[in-house]
Amino acid sequence: MGVGRGCQRWTEADRWVRRWVSGVVAAVGGGSGLAGLGVDPPVAPAGGRPWFERPQIRNVTALLGRTAYLSCTVRALGNRTVSWVRHRDIHLLTVGEFTFTNDQRFRALHSPASRLWTLQIKFVQHRDAGMYACQVSSSPPVSYPVYLSVVGESSRSVAVVPAKSMVGALLVPPRAQ
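Residues in the sequence shown are numbered from 123 upward in steps of one, following this note's numbering.
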């Protein structure tokens, strides 16, 4: 165990990212902590319940017509299932790696050896903007909200995150399976 009860040890890469983020926060005059970057500090509950690894991006901005990636990293998943739900209409989009919508633009991305679960939305439209939840089928269920914003037209072929979420600038979109 690491610092505190139920916490996981930080790997060398995790420590490097924390130092980098701290430097970015200091450079932009954000004071201490990660609050202004749209990410949360790490939290791990005791008792083996599933939990969401943090820091994670809660706000994603995508370009109209391009691909958006909404991600969450789940620890202590065990035999539980990860689902993506759209809050606007309480629509269950994915369960595990299976897609439960007729809208072919939505797809679950996950590698079996990974803790990362990603909802891919192709050809993003303004109507896709809003709150989504990465949800774990525990009792009670736990969920991690991610807000998607969609901005005007652009000739770029990349998804972007807000300047406040610069941590996301280091992330590479998940590989297609």
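We treat Cβ as the ideally placed atom computed from N, Cα and C, and that holds for glycine.
Kindly list the residues whose CB is nearer than 8 Å to the CB of G170, restricted to its own chain and excluding five residues on each side of it in sequence; keep chain order.
Cβ contact annotation for G170 (same chain, cutoff 8 Å, sequence separation greater than five): A198 and G200, in chain order.
One or two residues paired with I243 in a DSSP bridge
Under DSSP, I243 takes part in a beta bridge, and its partners are A190 and F228.
May I ask you to verify whether the region 190 to 197 touches the region 214 to 226, counting CB pairs closer than 8 Å and requiring at least 3?
Result no; under three Cβ-Cβ pairs closer than 8 Å.
How many angstroms separate the CA atom of Q309 from the CA atom of L215?
Residue 309 falls outside the range modelled here, since the chain spans only 123 to 299, and no answer is possible.
Length of the line joining the Cα atoms of H246 and L231
Note that residue 246 is Val in the sequence shown here, rather than His. In this model, V246 and L231 are separated by some 17 Å (Cα to Cα).
What would DSSP say about H209, mapped onto helix, strand or coil?
H209 sits in coil when the DSSP states are folded into three classes, being neither helix nor strand.
Taking the beta strand (DSSP E) that P267 belongs to, which residues open and close that run?
Run containing P267: V264 to V273, per the beta strand (DSSP E) assignment.
Residues that DSSP places opposite T221 in a beta bridge
Paired residue(s): T216.
Buried or exposed by the 16-neighbour rule on C-beta atoms within 10 Å, applied to A184
Its Cβ being crowded by 16 or more others within 10 Å, A184 is buried.
What residue from V273, G187 and L241 has the CA that sits closest to P267's CA?
For P267, the closest C-alpha among the options V273, G187 and L241 is that of L241.
In this structure, does DSSP put R197 in helix, strand or coil?
Shown here, R197 sits in a strand according to DSSP, grouped into three states.
Going by other Cβ atoms of all chains shown within 10 Å of its Cβ, with 16 needed for buried, is A208 buried or exposed?
One point to set straight first is that residue 208 is Arg, not Ala, in the sequence displayed. R208 comes out buried.
Could you tell me if A255 is buried or exposed, where buried requires 16 or more neighbouring beta carbons within 10 angstroms of its beta carbon?
Under this definition A255 is a buried residue.
Considering only residues of the same chain and omitting the five flanking positions on each side of S265, which have a CB-CB separation below 8 Å?
Answer for S265: V207, A255, C256, Q257 and V258, listed in chain order.
Pick from W239, S271 and P234: whose alpha carbon is nearest that of R249?
By alpha-carbon distance to R249, the top candidate from W239, S271 and P234 is S271.
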